[in-house]
């Protein structure tokens, strides 16, 4: 099929099915979005690069992008989940049997809510140190432990869980990866209040919750490599997840917000202010140029070292922008609340910058990754690499 | 003896012996400074806190300071070497027998020149990794290896040397400490040109040089602890050794040099300049306040955590001052040479700042020391601590 | 005072705060409407702390900036939410005046707030005192909403005037409440310009002391955590990334302590370099505390990104203190000006 | 040019420099009286490099800032001591004029230097062109002492004038010789203000490319050393203190590279955001190279404190480049002004 033919087919299908919104009218009792996503899935557009046996069309990556582009032009959601749907990709790659067939179909239609059960109070930077245990019982496992930094746990049907299934081998080798049913006794979800006062995350307390046999993904005790695949998806989008001002009253958007704020504060004529505003804007601009160059290099088929720098760069940008905003406001930054949106922004951003510099691996871990994987510097001696996990100091 | 009596005795002795200069007229054939220092030594003032059997007077530390103060008032050198003479203190503490008696007396009179033979091309931060070897022979040892960053090697009579005497034990346990006679075949001294173009240091090539039996200090293979004592002396003075501008044309001296330079450059009215000059001056001022507080705390008998911070602080100060100087001069800093003393200063200081941030232990090593010894943070895993040195990767 | 006397003065305050101003207490007071705990205040008064710098004739301890600074290091370490700094500044402003307010301050029976205005205003207010009348609004006045009396301190002197309106503000750092204070009433001058200048210096030294003390405490807490928290089979403090941050922060917090103490000494001695020393302490302590607070969160990792962890309380205090009495750029500029005058 | 064409252009230059401009060659040329190696220059001419941006009509390759920047990355990496940048700027200034000098530049037979003056002066000179006569002194002109012709580039246009005096200066970075050039002779205008502005942009982009390339190379050298040098039984690059510095420097050097290449593209396209892009490259590349050079010495330790080690040659180049065509504060200011005009 030529590119033109493919695009024509997608456009024809969309013209026949997409009314410009999800199909509210015909969806009594079902989530209208899921109804639409199921249609997309069944037509093969949800995962065009996947095999036909798995809702796909066996298209090349470039052709998949044509499908996505056609959907984007129409404003229709649901295409290209083979590139973006963490849950479905993980399930396809690692689930087995009937559960695999069911869950993949459900995930592509958005019929089940998901959350991540990775981090624990004692296992943050060092995920391989998880102490949540999954003990073998008849027909499955009983899980006990505590997870933190979970988004969406309160509404999730399943959690992607890492838990320890063997305590007598080194830490990376005794972990298994499960789809834990969340809606059962033994799973308690509590809001976790962040430094900003908001509660975007949860703590999840797991006390003897049951996971059926076939909800194990990958081999028993082979969970670490499943996790690595899943984390790779997450990292690739982390740079984009940093949030802007809470108030939404930032004036000019994007790169020039600081310029506008300095003008508004009547301080744009101060040389000291101008230097700092210029440097902060420059860092954001440089990161954008890096990203553009990385994408161009990737498009030419050469791997790019630059891609890994985005999160570290963004961390510096966000902390520095918050600092400059505070400097601009001076005593005005003492306030907070909706009546003081500029102060609210500066303070919120100063606190929330840690979401980027700590979340998803601290800046320090990120520098390790850049140093080791990009620059090829040797790893540190790993004291716990070969020790049975029981004997490792953790927490 | 009361403090008053002691001071009176020192003053009387000085009145009788010190003519306001070292005794040129009566010293044919001998270094006049040594003649004077020998007199001071023989009178017991060189090392007043040491035992009488070792040229001293068994005085307390406080009384020793009275002796030093009286000498300082008179402008006479040579007193208080029990506090300041690295070589003599090391020899007294660790040498033995007749050699101890001879060398201590000579060192107090400044009759022998000394140098340090510690660092090697492969052992900088990690001094315990020295590969210079001392092999046992009849009557002593034969030494072979290479040393770097040696001052005064060309005129020295002895070098304080660490060399490996056992290769089959972990690295700290196979090192011995020697007084190596420098004026022999087998010792070759070459100037080592620094980044600034100057040559304050030497490389020393040692090829089968002989050290007599009794020139071993401390036990055989016990050199590491001798070295630690010797290094403690050095560290305590390191902060003071940072050098100022080469040209000597710095205008105002000390803390306010940058202020004067900014005024001279006609830039003292620029707010951006003022902020940077103020911050650089502040760092120097804060370090001075820290030092003063540390001394006060030590004087009250409590140990001070602050003392260890001086070298790290000075490193930042020197790099930052060089940066500010450069910023002040702008294109003027492109030049060098005696006709351009301001540029010469800025460039020299920018290069020479590494003397402080690398020399005597890099800033990174210094942060380890502060973190571990002052803050009590645990050490890193030491991969080579228990391995025979032969098997250690070094260099 | 000698160092051992200072230690004897500070120690019971530290003990009281450990007992009555623990993190749970700070959070309770933060969450209260006024941000003020009258019981805690009485307990501080019982130790003489509320009268630390009040004239002995008025029942105070008659101590100087040196002692005040040391007590405020302890208060800062505990994030004490109480009008201690305001009271000490008021006492300095009223020193030797025999005003009856002094005795009430020493006894802890009344609470004072201080509004800097005119030439001493850093915060964009517009209060004027002219013809024995005060008009205009002083902005961001600490403790004004719980104060029984508000002193106006301007470049010309110290004044007492009944405020027309005190408007509590929603503040980022809820351990230090601020209010806008509007004046439109007769103002009585109670002290001269020299007293006003001294009150300004005392305010800065006191704030610097709080910041230095808070930085020390937070660094200790962080180092303790780095010793105990294990990741990758090792205490995180054994990693250079964490260890080296701690070393750098020690330099910051010790430098802040040195600066605050030196400024206090110079204020008491009325030394010629005093203005530079006060300016230096103002920006060095503010900057050091902000950096220690910011880096401490990073060193803790995720746990310090939670509301439940105290690190953000310190960051809030640090950010607010750095703007309360003029920002660091302003004080760096003043520092250089003072050095120019000396040179 | 497409990326693969650029690679084909750059590769032989890189090979030539690896062969003829190794560290020993740089040191030899540094130590020579003129700082110029005519043989090396001829070899570069043989590859067409001296005519890279010269019009095709005059025998050059007629390429743009994009290609020039990439070649200068390679030149910067090798610390090439040759009047390449000056020649390229001269070619830009003379583009389309048909001046006979162009052909001589392309062939490598003559060497040109460029003195920025008037509105384009960053270095405190006082050259004026009025009444078809140039007077005054241009300061810190690169390559002037070995140049056969010196172009005067002012806000009004491009001029040719016979210099009255060329005074070589003792320079900190001996890989780039500078001279003061005094004028007092008739000046002939050869191009307009637009050409002058473009020459200015080309100069900045070329310098930025040099800096980005040098930063990349030095970082590679430093990372190699950190992999190989062992202390405490481990490669020093396994210590976080070293590893994390390397990661931060990679961000600096990659950002510099992105900035230089983007500015080159915008100069060629005459895009509306061009002025901001050039200003951004000017300070971002200068600052990045200075930081990479400074931290690289620290990462090496003692060995890089020796004259024999090449690290200081890069630091000298970095410090000098950061002042040659206006300093970073100046360009940050220009960057913000350009953004204001866009906003």
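Chains as they are written, first to last, in our numbering: chain E, 1 to 395; chain X, 1001 to 1395; chain U, 2001 to 2343; chain F, 3001 to 3343.
Virtual Cβ for every residue (Gly too), placed ideally from N, Cα, C.
For residue 1215 (chain X), which three-state DSSP category applies? Here DSSP, grouped into helix, strand and coil, assigns residue 1215 (chain X) to helix.
Nearest residue (CA-CA) to residue 1361 (chain X), options X:1337, X:1315, X:1384, X:1325: Cα-wise, what sits closest to residue 1361 (chain X) is X:1315.
Kindly list the residues whose CB is nearer than 6 Å to the CB of residue 1356 (chain X), restricted to its own chain and excluding five residues on each side of it in sequence; keep chain order. Same-chain partners within the cutoff: 1242, 1314, 1315, 1318.
Which residues DSSP lists as bridging residue 141 (chain E), in chain order: Under DSSP, the beta-bridge partners assigned to residue 141 (chain E) are E:136, E:211.
Which class does residue 3181 (chain F) belong to by DSSP, given the choice of helix, strand or coil? DSSP places residue 3181 (chain F) in strand when its eight states are reduced to three.
Return the residues of the segment 2228–2246 of chain U that lie within a Cβ-Cβ distance of less than 7 Å from chain F, sorted by chain order. Per Cβ criterion, the list reads 2239, 2240, 2241, 2244.
Is the distance from the Cβ of residue 39 (chain E) to the Cβ of residue 140 (chain E) below 8 Å? It is not a contact, given that the beta carbons lie outside the stated cut-off.
When you compare the segment 2035–2044 of chain U with the segment 2103–2119 of chain U, are there three or more beta-carbon pairs, one atom per stretch, that lie closer than 8 Å? yes
Three or more C-beta pairs under 8 Å: does that hold for the segment 3324–3343 of chain F against the segment 3294–3310 of chain F? no
Taking 8 Å as the CB-CB limit, is residue 191 (chain E) close to chain X? Chain X, which has no Cβ nearer than 8 Å to the Cβ of residue 191 (chain E), makes this no.
Drop a sphere of 10 angstroms on the beta-carbon of residue 2005 (chain U), count the other beta-carbons inside from all chains shown, and report buried for 16 or more, exposed for fewer. exposed
Quick check: residue 1259 (chain X) and residue 1272 (chain X), are their CB atoms within less than 8 Å of each other? no
To the nearest angstrom, how far is the alpha carbon of residue 2139 (chain U) from that of residue 332 (chain E)? 10 Å
Should residue 3072 (chain F) be flagged as near chain X, meaning a C-beta pair shorter than 8 Å? No - not a single Cβ of chain X is within 8 Å of the one on residue 3072 (chain F).
Does the separation of the CB atoms of residue 2017 (chain U) and residue 2078 (chain U) fall below 8 Å? yes
Check this for me: beta carbons of residue 2163 (chain U) and residue 2187 (chain U), under 8 Å apart or not? no
For a cutoff of 8 Å on Cβ pairs, would you count residue 212 (chain E) as touching chain F? no
Give the interface partners of residue 2268 (chain U) over in chain X, defined as CB-CB distance under 8 Å, in chain order. Going along chain X, no residue has its Cβ under 8 Å from residue 2268 (chain U), so there is no contact; the nearest lies around 16 Å.
Using DSSP with H/G/I as helix, E/B as strand and the rest coil, what is residue 2231 (chain U)? strand
Chain U contacts from the segment 133–165 of chain E (Cβ-Cβ distance under 9 Å): Correct list: 148, 149.
Length of the line joining the Cα atoms of residue 180 (chain E) and residue 48 (chain E): 28 Å
Taking C-beta pairs closer than 7 Å, name the residues in chain C that residue 1275 (chain X) reaches, listed in chain order. No chain C is present in this structure, whose protein chains are E, X, U and F.
Looking at the unbroken alpha helix (DSSP H) that takes in residue 64 (chain E), where does it start and where does it end? 61–74
Touch test, the segment 185–203 of chain E against the segment 149–164 of chain E, Cβ-Cβ under 8 Å, three pairs minimum: yes
Just checking my contact of residue 3013 (chain F) with residue 3071 (chain F) at CB under 8 Å: how many whole Å lie between their CB atoms? By a beta-carbon distance limit of 8 Å, residue 3013 (chain F) contacts residue 3071 (chain F). Their separation comes to about 6 Å.
Are the CB atoms of residue 3068 (chain F) and residue 3206 (chain F) within a distance shorter than 8 Å? Against a cut-off of 8 Å, the Cβ pair of residue 3068 (chain F) and residue 3206 (chain F) comes out as a contact.
I need the DSSP call for residue 1176 (chain X), collapsed to helix, strand or coil. strand
By Cβ distance below 8 Å, which residues in the same chain neighbour residue 2 (chain E) in space, the five residues on each side in sequence not counted? none
Any C-beta of chain F sitting closer than 8 Å to the C-beta of residue 257 (chain E)? no
Cβ shell of residue 1027 (chain X) (< 6 Å), same chain only, five flanking positions each side left out: Any answer about residue 1027 (chain X) is weak, because its pLDDT of 49 lies below 50 and its placement is not dependable; what the coordinates show is given next. Answer for residue 1027 (chain X): 1035, listed in chain order.
How many angstroms separate the CA atom of residue 2248 (chain U) from the CA atom of residue 2254 (chain U)? 10 Å
Runs of alpha helix (DSSP H) lying entirely within the segment 305–334 of chain E, each at least 4 residues, in chain order: 310–329
If the criterion is Cβ atoms closer than 8 Å, does the pair residue 1129 (chain X) and residue 1392 (chain X) meet it? yes
Based on Cα-Cα distance, which residue from F:3115, F:3284, F:3116 lies nearest to residue 3334 (chain F)? Selected option, being the one with the closest Cα: F:3284.
Sorted by chain position, which residues of the same chain lie with C-beta nearer than 6 Å to residue 252 (chain E)'s C-beta, five sequence neighbours on each side aside? Note that residue 252 (chain E) scores 43 on pLDDT, short of 50, meaning its location in the model is unreliable; the coordinates nonetheless yield the value given after this. For residue 252 (chain E), where only same-chain residues beyond five positions count, the Cβ hits under 6 Å are 260.
Can you give the Cα-Cα distance for residue 3019 (chain F) and residue 3026 (chain F), rounded to whole angstroms? 12 Å
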